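Peer 1: Here you go, one structure.
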Amino acid sequence: MGEIRKLVNVSEFEKFVDIVANAYPGILANTPQEKQKFKEFLMNKQHDDPAVDFFGLFRDQQLIAGMRIHYYEMNLFSKKAEIGGVGLVAVDLLHKKERAAKELIEQFFQMFKEKGVNIVALYPFRPDFYKKMGFGYGSSIYQYFLEPSSFPKGPTKEHLFYTKEEDLELLKASYKRFVESNHGMFYKTEYEWQALFKNAENRIVAFRKNNKIQGYIVFTFRKQSETNFMLNKLVIKEWIYETPEALVELSTFLNSQADQVHRIEWNTQDEAVRFLVDDARNGSTELIPSVYHPSATSGIGLMYRIIDVKGFIQQISHRKLLSPDLKVKLTVTDSFFPNNQGELVLQVKDGLLEVIENADVQVEVKIDIAELSSLLMGVISLKQLYMFSKIEISDSTYLETLNSIFSSFNKPICMTAF
Numbered sequence: 001m002g003e004i005r006k007l008v009n010v011s012e013f014e015k016f017v018d019i020v021a022n023a024y025p026g027i028l029a030n031t032p033q034e035k036q037k038f039k040e041f042l043m044n045k046q047h048d049d050p051a052v053d054f055f056g057l058f059r060d061q062q063l064i065a066g067m068r069i070h071y072y073e074m075n076l077f078s079k080k081a082e083i084g085g086v087g088l089v090a091v092d093l094l095h096k097k098e099r100a101a102k103e104l105i106e107q108f109f110q111m112f113k114e115k116g117v118n119i120v121a122l123y124p125f126r127p128d129f130y131k132k133m134g135f136g137y138g139s140s141i142y143q144y145f146l147e148p149s150s151f152p153k154g155p156t157k158e159h160l161f162y163t164k165e166e167d168l169e170l171l172k173a174s175y176k177r178f179v180e181s182n183h184g185m186f187y188k189t190e191y192e193w194q195a196l197f198k199n200a201e202n203r204i205v206a207f208r209k210n211n212k213i214q215g216y217i218v219f220t221f222r223k224q225s226e227t228n229f230m231l232n233k234l235v236i237k238e239w240i241y242e243t244p245e246a247l248v249e250l251s252t253f254l255n256s257q258a259d260q261v262h263r264i265e266w267n268t269q270d271e272a273v274r275f276l277v278d279d280a281r282n283g284s285t286e287l288i289p290s291v292y293h294p295s296a297t298s299g300i301g302l303m304y305r306i307i308d309v310k311g312f313i314q315q316i317s318h319r320k321l322l323s324p325d326l327k328v329k330l331t332v333t334d335s336f337f338p339n340n341q342g343e344l345v346l347q348v349k350d351g352l353l354e355v356i357e358n359a360d361v362q363v364e365v366k367i368d369i370a371e372l373s374s375l376l377m378g379v380i381s382l383k384q385l386y387m388f389s390k391i392e393i394s395d396s397t398y399l400e401t402l403n404s405i406f407s408s409f410n411k412p413i414c415m416t417a418f
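Reading the sequence shown from the start, the letters are residues 1 to 418 in the working numbering.
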């Protein structure tokens with residue numbers, strides 16, 4: 001065991017950068033110039049962004065591991081809720097297999113539980129590693145490579161314009177409305193908004209009507225060939241749309257790039273893109289048996305982790321359920337964070353879910369915290385978990401009723417990278 005605390009001085013950040021350079025050689029070159037630049041970036045970020053802190057694990061006064069902590073807010077089933085994030089978890093090469101990462105994540109959980117936060121999230125370097133710590137899968141991402149001409153072509157682009165920094169408040173308002181209408185979305189921090197305009201690669205085209213931005217695309221260009229400078233792809237980094245009209249005009253903009261752009265790369269959690277575009281194929285000439293054309297490549301990424309089951313269930317108790325009255329005993333296994341495991345009695349009464357004291361129950365459900373985190377966030381249905389033998393139900397005749405209690409019509413989406 002060691003001491004985990006916030007990094008406070010130059011020498012500590014220098015050591016952390018050394019650790020990161022060895023832990024993630026693919027993202028940070030091990031040169032004095034690159035490490036100096038990265039150190040300044042980290043220190044400035046902690047100083048300028050109140051939503052980010054860097055913590056280190058010290059043993060015998062020596063820094064052996066560290067992590068980046070995020071303090072976010074999200075849309076949790078139409079309610080604003082706090083959520084903790086962690087990233088850049090890095091351990092000194094000489095101290096691997098010494099449970100340093102475990103100590104960091106335990107402290108991360110405890111830190112947010114003491115703040116009254118019930119759920120945390122991360123992007124895993126290895127999903128299986130973090131699943132053992134109780135993280136459950138979030139929604140998948142779909143990476144499309146689409147021809148510009150496949151996007152719908154509307155009658156006009158008259159409401160589109162290039163945004164500038166003076167349009168920031170209108171952009172913020174549009175993004176906020178989008179967040180408030182989509183479960184799982186994170187609110188942007190002020191630092192993230194400023195970074196959007198500081199990145200010289202970013203182009204932002206927005207739809208404005210009645211002095212309101214109702215959608216926008218953040219994009220950049222990437223070359224697709226080392227020898228043909230005319231072969232480029234357009235990379236969509238963020239696409240927000242509030243109305244069908246905004247979506248059509250922004251799609252028309254993409255459609256009109258066919259003379260310059262070979263393919264448009266779009267990473268999205270929207271499973272219905274094939275209904276928007278004329279051709280969702282990715283350009284491959286292969287077939288998937290029997291006759292399925294390759295389209296999007298899917299990936300797993302963001303993972304959720306409930307650190308206070310009772311608190312989280314109380315937090316989502318505002319949802320109106322289409323379920324008959326029922327009393328359920330919920331038994332949760334959480335071997336990594338034992339204070340979080342145990343039994344709860346839940347009651348559905350008049351369509352509302354609540355935690356009650358001991359009472360006679362009609363059915364018992366047993367589940368691990370990783371699967372419960374995905375279930376309660378709406379990523380997967382209870383029926384699917386039951387079919388996969390990831391959940392135990394004492395009386396399967398209650399399966400449909402339990403599914404209506406714990407499942408959600410809307411899967412979470414998240415566009416925030418951290």
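The C-beta atom is built at its ideal place from N, Cα and C for all residues, glycine as well.
Everything numeric in this text was worked out from a predicted model, so none of it was measured.
Does the count of Cβ pairs from the segment 119-135 and the segment 246-259 closer than 8 Å reach three?
Peer 2: Cβ pair count under 8 Å is below three, so no.
Peer 1: Counting only the same chain and skipping the five closest in sequence on each side, list residues whose C-beta sits under 7 Å from that of Asp325.
Peer 2: Val348 and Lys349, listed in sequence order.
Peer 1: With Asn9 as the anchor, note down where its alpha helix (DSSP H) starts and where it stops.
Peer 2: Run containing Asn9: none; DSSP gives neither H nor E here.
Peer 1: Return the residue from the list Asn228, Lys172, Thr189 and Phe41 that minimises the CA-CA distance to Ala206.
Peer 2: Nearest option by C-alpha distance: Lys172.
Peer 1: Could you tell me which of Pro152, Arg126 and Ile405 sits nearest to Gly136, measuring between CA atoms?
Peer 2: That would be Arg126, whose Cα lies nearest to the Cα of Gly136.
Peer 1: May I have a chain-ordered list of the alpha helix (DSSP H) segments no shorter than 4 residues that lie completely inside the segment 90-128?
Peer 2: Whole alpha helix (DSSP H) segments, 4+ residues: 100-114.
Peer 1: Would the beta-carbon of Gly56 fall within 8 Å of that of Arg5?
Peer 2: Cβ distance < 8 Å, so Gly56 and Arg5 count as in contact.
Peer 1: With DSSP run on the structure shown, which of helix, strand or coil describes Ile217?
Peer 2: In this structure, Ile217 counts as strand in the three-state DSSP scheme.
Peer 1: Can you tell which of Thr333, Ile356, Ser374 and Lys329 has the C-alpha that lies nearest to the C-alpha of Ile393?
Peer 2: It is Lys329 whose Cα lies nearest to the Cα of Ile393.
Peer 1: Quick check: the Cα distance between Glu103 and Ile313, rounded to an integer number of angstroms?
Peer 2: For Glu103 and Ile313, the distance between alpha carbons rounds to 27 Å.
Peer 1: Going by CA-CA distance only, name the one from Tyr72, Val20, Met1 and Ile19 that's closest to Phe418.
Peer 2: When each option's Cα is compared against that of Phe418, the closest is Tyr72.
Peer 1: Between which two residues does the beta strand (DSSP E) harbouring Gly66 extend?
Peer 2: Note, Gly66: beta strand (DSSP E), Gln62 to Leu76.
Peer 1: Could you work out which residue in Ile105, Leu170 and Ala29 is closest to Ala65 when comparing CA atoms only?
Peer 2: Nearest of Ile105, Leu170 and Ala29 to Ala65, Cα basis: Ile105.
Peer 1: Note down, in chain order, each residue of its chain lying with its Cβ closer than 6 Å to the Cβ of Ser251, except the 5 sequence neighbours on either side.
Peer 2: Excluding residues within five positions, the ones whose Cβ falls inside 6 Å are Phe151 and Pro152.
Peer 1: Counting Cβ pairs closer than 8 Å, one from the segment 174-194 and one from the segment 283-300, do we hit at least three?
Peer 2: The segment 174-194, when compared against the segment 283-300, does not touch it at the 8 Å Cβ threshold.
Peer 1: Apart from the five residues on each side of it in sequence, which residues of its chain come closer than 8 Å, Cβ to Cβ, to Ile367?
Peer 2: The residues are Leu330, Thr331, Val332, Thr333, Leu375, Leu385, Lys390, Ile391 and Glu392.
Peer 1: Please return the same chain residues whose Cβ sits closer than 8 Å to the Cβ of Val345, not counting the five positions on each side in sequence.
Peer 2: Correct list, in chain order: Lys327, Val328, Lys329, Leu330, Val355, Ile356, Glu357, Asn358, Ala359 and Val361.
Peer 1: For Phe275, count neighbouring C-beta atoms within 10 Å of its own C-beta (all shown protein chains included) and say buried if the count is 16 or more, exposed if not.
Peer 2: The residue in question, Phe275, is exposed, as its Cβ has fewer than 16 Cβ neighbours within 10 Å.
Peer 1: What's the gap between the Cα of Asp259 and the Cα of Glu286?
Peer 2: Those two C-alpha atoms are separated by around 26 Å.
Peer 1: Of the residues His95, Arg305 and Phe13, which one's Cα is nearest the Cα of Met1?
Peer 2: When each option's Cα is compared against that of Met1, the closest is His95.
Peer 1: Kindly indicate which residue of Asp395, Phe337 and Thr397 has the alpha-carbon position closest to the one of Lys113.
Peer 2: With distances taken between Cα atoms, Lys113 lies closest to Phe337.
Peer 1: Go through the segment 168-231 residue by residue and report every complete run of the alpha helix (DSSP H) that reaches 4 residues or more, in order.
Peer 2: Here the runs fully enclosed are 168-180 and 190-198.
Peer 1: Tell me which same chain residues have a C-beta within less than 6 Å of the C-beta of Glu364, skipping the five on either side of it?
Peer 2: Correct list, in chain order: Lys329 and Ser394.
Peer 1: Just reading off the alpha helix (DSSP H) that Val379 is part of, what are its end residues?
Peer 2: Note, Val379: premise wrong, no alpha helix (DSSP H); not H, not E.
Peer 1: When you compare only the Cα positions, how much space is there between Val10 and Leu352?
Peer 2: The alpha-carbon atoms of Val10 and Leu352 are separated by roughly 52 Å.
Peer 1: Output the distance between the C-alpha atoms of Lys97 and Gln62, rounded to the nearest integer angstrom.
Peer 2: Cα-Cα distance, rounded: 17 Å.
Peer 1: Pick from Arg59, Glu265 and Thr401: whose alpha carbon is nearest that of Leu322?
Peer 2: Checked all of Arg59, Glu265 and Thr401; the closest Cα to Leu322 is Thr401.
Peer 1: Give me, in chain order, the residues of the same chain whose beta-carbon lies closer than 6 Å to that of Tyr241; leave out the 5 immediate sequence neighbours on both sides.
Peer 2: Around Tyr241: Gly215 and Leu247.
Peer 1: Excluding sequence positions up to five away, which residues of its chain have a Cβ less than 6 Å from the Cβ of Lys383?
Peer 2: Correct list, in chain order: Asn403.
Peer 1: Compute the Euclidean distance between the alpha carbons of Glu238 and Lys15, then round it to the nearest angstrom.
Peer 2: Whole-angstrom Cα-Cα distance: 34 Å.
Peer 1: Around the C-beta of Glu147, are 16 or more other C-beta atoms found within 10 angstroms, so that it is buried, or is it exposed?
Peer 2: Label assigned to Glu147: buried.
Peer 1: Closer than 8 Å by C-beta to Val379: which residues in its own chain qualify, once you throw out the five before and the five after it? Chain order, please.
Peer 2: So the list reads Gly136, Tyr137, Gly138, Ser139, Tyr304, Lys411 and Pro412, once near-sequence residues are dropped.
Peer 1: Indicate whether Ala101 and Val86 have their beta-carbon atoms separated by less than 8 Å.
Peer 2: No; because the gap between Cβ atoms is not below 8 Å, this pair is not in contact.
Peer 1: Report the rounded CA-to-CA distance for Glu226 versus Asn232, giving the unit in angstroms.
Peer 2: So the alpha carbons of these two residues sit roughly 10 Å apart.
Peer 1: Considering only C-alpha positions, which residue in the set Trp193, Lys157 and Phe38 is nearest to Lys164?
Peer 2: Among Trp193, Lys157 and Phe38, the Cα nearest to that of Lys164 is on Trp193.
Peer 1: Does DSSP put Val291 in a helix, a strand or coil?
Peer 2: Here Val291 sits in coil by DSSP.
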